[in-house]
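Scroll down for the structure; my scribbles are underneath it.
Protein chains: 2
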Amino acid sequence: MTHELDHGRMSAAQGSRIDAYIDRYAARAAGMVASEVRALFAVASRPEVVSLAGGMPYVTALPLDVVGELVADLVAKRGPVALQYGSGQGDPDLREQICEVMRMEGIEAGADDVVVTVGSQQALDLITRIFIDPGDVVLAEGPSYVGALGTFSAYQAKVVHVAMDDQGLIPESLAQTIYALQTAGSRIKFLYTIPTFQNPAGVTLNEVRRRQVLEICQRAGVLVVEDNPYGLLGFDGEPLRALRADDPEGVVYLGSFSKTLAPGFRVGWALAPHAVRDKLVLAMESAVLSHSTFTQLAVGQYLASQPWREQIKTFRELYRERRDALLNSLEVFMPAGCSWTRPAGGFFVWMTLPEGLDSKALLPRAVAERVAFVPGTGFYSDGGGAQHMRLSYCYPEPDRIREGVRRLAGVIEQELQLRDTFGTGTARWHAGIDTPGPDLA
Amino acid sequence: MTHELDHGRMSAAQGSRIDAYIDRYAARAAGMVASEVRALFAVASRPEVVSLAGGMPYVTALPLDVVGELVADLVAKRGPVALQYGSGQGDPDLREQICEVMRMEGIEAGADDVVVTVGSQQALDLITRIFIDPGDVVLAEGPSYVGALGTFSAYQAKVVHVAMDDQGLIPESLAQTIYALQTAGSRIKFLYTIPTFQNPAGVTLNEVRRRQVLEICQRAGVLVVEDNPYGLLGFDGEPLRALRADDPEGVVYLGSFSKTLAPGFRVGWALAPHAVRDKLVLAMESAVLSHSTFTQLAVGQYLASQPWREQIKTFRELYRERRDALLNSLEVFMPAGCSWTRPAGGFFVWMTLPEGLDSKALLPRAVAERVAFVPGTGFYSDGGGAQHMRLSYCYPEPDRIREGVRRLAGVIEQELQLRDTFGTGTARWHAGIDTPGPDLA
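First to last, the sequence lines map onto chains S and P.
UniProt numbering applies: residue 1 is where the first sequence begins, and numbers increase by one.
UniProt numbering applies: residue 1 is where the second sequence begins, and numbers increase by one.
Pasting the structure below:
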């Protein structure tokens, strides 16, 4: 009796969760899918778990007292402006300062061609919105940033991956892919690339290839969308020259203060050829009217009054130490048959598992052993990546990184024994795009 | 010779502005069109012009010293959280507080069904994104909010206006419109309505009609999107009961802190049936990953520590005084044949010009006489509204409002003389949706 009652309650509860609107969504809503591993990441955020999953910058390294004074000062001196609506294109002074930041990567641009966005994620969304009709092709590195793949999917783009190696995108593969697609009548709208300290692969497009990639795209009439959130976080020498620096009319450049200052302000930007910029501003106004004046002015005040180049240096040193901790402990702990990239900047290492192992199948076991990573399949839109995983070193402190790698190595060892005993590891999960939680940025 | 050179230079300059990407935009980009009157509004922002155009709240009435302390305190006490990425759905504490705010309008809801957005404009964008395929129908009051029409247009919706009078949307017209459209096979995705202190009309849906509108939409299976930025800014008595209060499964409610606190934080929200909420969170993550944690926590801190209900009362009294200044001076100065609405809250009065006058044609002359308004055509997607204009009383002080109305009356008088002498006023401009600048919110 009690049992029946409980059962009745459960059905009613489930009933109320049935989607009355299921037949009414737009076709594009089918492309918005929650990550299968999302529930696991909720567990992974517990303090006892070492998360090598998230892409959260280590904002604790900021001078918080200075930031506090600065925002108070902003309200005192410019309150009525900071609290009001702003322009759709973004604060003009901040756009000037953004041009100064981009100059470090060889970019010469005017503030008039910059649009401030809600993180560079929004720049991605708006660029996709103005260029992509359902079925249009976006080229992207394989693997590529999970948040970009989610956005392309939401606009019903067809993502075609282009092969990369430890020097970044392979120009011959790019040329062949473009040729094959255009011959087949596909409409390629742009190449989406993260040339520097790529997410998730951690590799960087070399200088010779940069010129080749630009030439190939120019010749084929393919716009380049250069996503560059990590460009100033290199561990060796001067910042690399951006693709945009050598092709102002063929490249839309996306930048962000999320990794060089703080993601909590959500200030990113797009630098675009003039006509594209016009469309971006209209799309921006239609999407959110305008970005927060408050956070824009806070970033502007920070750049104007603080030694921001020094702060970036602090971040670089911090992340280099963590990269070293990750690479060294991989060397020490990982079983034979594992290989990984060696990033010269940014946040991520891309690891390849021994033959027959599936990273998504490993994840629940890893979380049970108190370590988390992102399975490789999230970074492909074609089901690839099962043998890979992304390891982030940006957030945990070096000792925690070493402990996390030790735990992960144990899980992989066990899986290898399983494979060697039974011929295969745990069954593969269904592959697909994992819409990222924000902490996977 | 010099002339030829100059001509050559001009051509080169124009040439560099030719859009190399003109053939490559998505079909939806054609729906993103800049306002024809945008250039005039740039002029209208000069201090000598009385702007009755913008919908900017009077943030100077906020206790700026308190806000300054509050944001400094936020960084000091919760800096590493406030500066970090947040969840796509928004800060859980803020979502609880939002439920408390909505309780003032009779809404009982759980924080789990709230999604925090970049102003309620983004909530509108995301709702449109998940429901609208090209050609789908959105019902909206005629006139309706220009920013919503711009968003619907950007997603290639077909907007069908439903007639309203001084008691809001006319239920019979709504029922007839739905019947005619559904009989003709149109897919109506939702009714977009601003039931309380409507933008731009300044009218409010009465209580009897609220029930009727809900019943009509329930019967026809049409979702209601209730946009309610002004609901707490009524001049008489208690806040009205929201539509959502009486139909949790049939209404998506959009709210905002832009008018009750400050637009510069860009914090709005959607409250949606559970399944729709799931889709909204995915769309939010795909669009911007997450909203600014900093501004969300700042709003949360404000609500937790400040007498926000008292502050809303201050705003109400301030706007009532300005509403009175506008209505009284319209009475005093406007020539016979003009009529206007009498808002009981919010920011706007909707004025109807005498027969034969066109508000868009009047605007350049008005700006020359140092007064600005928004022509009525922007609030219709079908070319209607030429005989109307929106007058805002939210931003200028009462004396300025009176002076602005005096100037505007003079311009209308002149136009009437022209009409009576020549049979018609200035030629009509081409009508169409004017994508709003943010100051037209």
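All C-beta atoms, glycine included, are put in the ideal place defined by N, C-alpha and C.
The model shown is predicted, which means the values in this text are computed figures rather than measured ones.
{"Query": "Can you find the residues in the same chain that come closer than 7 Å, C-beta to C-beta, to VAL160/P, ignoring five residues on each side of it along the sequence?", "Result": "VAL137, LEU139, THR177 and LEU181"}
{"Query": "Could you compute how far the alpha carbon of THR421/S sits from the alpha carbon of GLU141/S?", "Result": "36 Å"}
{"Query": "Thinking C-beta only, is VAL115/S closer than 7 Å to VAL281/S?", "Result": "yes"}
{"Query": "Can you have a look at ARG103/S and say buried or exposed, based on whether 16 or more other CB atoms are within 10 angstroms of its CB?", "Result": "exposed"}
{"Query": "Do PHE294/S and GLY264/P have their beta-carbon atoms positioned less than 7 Å apart in this structure?", "Result": "yes"}
{"Query": "Mind pulling the chain P residues with CB within less than 7 Å of PHE131/S?", "Result": "ARG24, TYR25 and ALA26"}
{"Query": "In the DSSP assignment, the alpha helix (DSSP H) including PHE152/S goes from what residue to what residue?", "Result": "146 to 154"}
{"Query": "Can you give me the C-alpha to C-alpha distance between PHE190/S and ASP19/S, rounded to a whole angstrom?", "Result": "36 Å"}
{"Query": "I need the straight-line Cα distance from PRO307/P to GLY237/P, nearest angstrom please.", "Result": "19 Å"}
{"Query": "Could you tell me which whole alpha helix (DSSP H) segments of length 4 or greater appear in the region 217 to 297 of chain P?", "Result": "274 to 288"}
{"Query": "Determine whether the Cβ of GLY345/P lies closer than 7 Å to any Cβ atom of chain S.", "Result": "no"}
{"Query": "Work out the CA separation of PRO92/S and ALA304/S for me, nearest whole Å.", "Result": "14 Å"}
{"Query": "Check whether the Cβ of ASP19/P lies closer than 7 Å to any Cβ atom in chain S.", "Result": "yes"}
{"Query": "Would you mind giving the Cβ-Cβ distance between HIS388/P and THR352/P, rounded to the nearest angstrom? I have them listed as a contact below 8 Å.", "Result": "5 Å"}
{"Query": "Sort GLY250/S, ASP166/S and GLU48/S by Cα distance to PRO200/S and report the nearest one.", "Result": "ASP166/S"}
{"Query": "Using the beta-carbon of each residue, which ones in chain P are nearer than 8 Å to LYS259/S?", "Result": "Within 8 Å Cβ-Cβ: nothing; LYS259/S doesn't reach chain P, min ~11 Å."}
{"Query": "Can you tell me where the alpha helix (DSSP H) with LEU363/S in it begins and where it stops?", "Result": "359 to 368"}
{"Query": "GLY54/P: which of ILE98/P, VAL43/P and LEU64/P sits nearest, CA to CA?", "Result": "VAL43/P"}
{"Query": "At 9 Å on the CB atoms, spell out the chain S contacts of ASP125/P, in chain order.", "Result": "SER286, ALA287 and VAL288"}
{"Query": "Which residues in chain P sit within 7 Å of THR60/S, going by Cβ to Cβ distance?", "Result": "PRO80"}
{"Query": "GLU403/S and ALA242/S look like a contact to me (Cβ under 8 Å); what is the Cβ gap, rounded to whole Å?", "Result": "That pair is no contact at about 37 Å."}
{"Query": "Against chain P, which members of the region 82 to 100 of chain S pass a CB distance test of less than 9 Å?", "Result": "ALA82, LEU83, GLN84, TYR85, GLY86, SER87 and GLY88"}
{"Query": "Out of VAL411/S, ARG210/S and ALA275/S, which one is the CA nearest neighbour of GLU172/S?", "Result": "ARG210/S"}
{"Query": "So what's TYR192/P in DSSP terms, helix, strand or just coil?", "Result": "strand"}
{"Query": "Determine which residues share a DSSP beta bridge with LYS158/S and list them.", "Result": "VAL137/S"}
{"Query": "From which residue to which residue does the alpha helix (DSSP H) around PHE41/P run?", "Result": "38 to 44"}
{"Query": "CA-CA distance, ASP133/S and ARG78/S?", "Result": "42 Å"}
{"Query": "Would you verify that the beta carbon of VAL159/P is, or is not, closer than 7 Å to some beta carbon of chain S?", "Result": "no"}
{"Query": "So, does the CB of THR421/S fall closer than 7 Å to a CB anywhere in chain P?", "Result": "no"}
{"Query": "How is the alpha helix (DSSP H) around PHE422/P delimited, first residue to last?", "Result": "398 to 422"}
{"Query": "Where does SER16/S fall in DSSP's three states?", "Result": "Below a pLDDT of 50, predicted positions are generally treated as unreliable, and SER16/S, at 49, falls in that range; the measurement from the model is reported next regardless. The answer is helix: DSSP assigns SER16/S an H, G or I state."}
{"Query": "On a CA-only basis, which of LEU261/P, LEU289/P and GLN417/P is nearest PHE315/P? Give me that one, please.", "Result": "LEU261/P"}
{"Query": "Measuring only the C-alpha atoms, how far is ASP324/P from GLY346/S?", "Result": "58 Å"}
{"Query": "Where does PHE315/P sit, in a helix, a strand or coil, going by DSSP?", "Result": "helix"}
{"Query": "Specify, as a first and last residue, the run of the alpha helix (DSSP H) that LEU70/S falls within.", "Result": "64 to 82"}
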